[in-house]
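In the numbering used here, the protein residues as written are 187 to 263. Notes follow once the structure below has been shown.
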């Protein structure tokens, strides 16, 4: 692996998207699995994808893009 590559994590939660309410796209093993409106949705998608006992604070398991697990609104720029 080169220095520019990062290890692949099973779950990626993308940054907050515009919507009413705002949401975040969740990918499991590189595949989009749905729109999460809260952390509960992230857990649900993980379970549906066969991942159990997911530690939402473990960076080797989940990557939060554009904010952490408590970020569910878009930040002003």
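A virtual CB, placed ideally from N, CA and C, is assigned to each residue, including glycine.
Closest Cα partner of residue i within the set the options
i           : options            : result
residue 201 : 259, 256, 252, 257 : 252
residue 216 : 259, 240, 196, 250 : 196
residue 231 : 220, 258, 255      : 220
residue 254 : 194, 218, 204, 228 : 228
Endpoints, beta strand (DSSP E) assigned at residue i
i           : result
residue 201 : 197 to 203
Check whether residue i and residue j have beta carbons under 8 Å apart
i           : j           : result
residue 212 : residue 199 : yes
residue 225 : residue 237 : no
_Three Cβ pairs or more, each shorter than 8 Å: is that satisfied between the segment 202 to 222 and the segment 239 to 246?_
Touching, no, given that fewer than three Cβ pairs across the two stretches are closer than 8 Å.
_Contained alpha helix (DSSP H) runs [length at least 4] in the segment 207 to 251, N- to C-terminal order_ = Taking only runs of at least 4 residues, the alpha helix (DSSP H) segments lying wholly in the segment 207 to 251 are 225 to 234.
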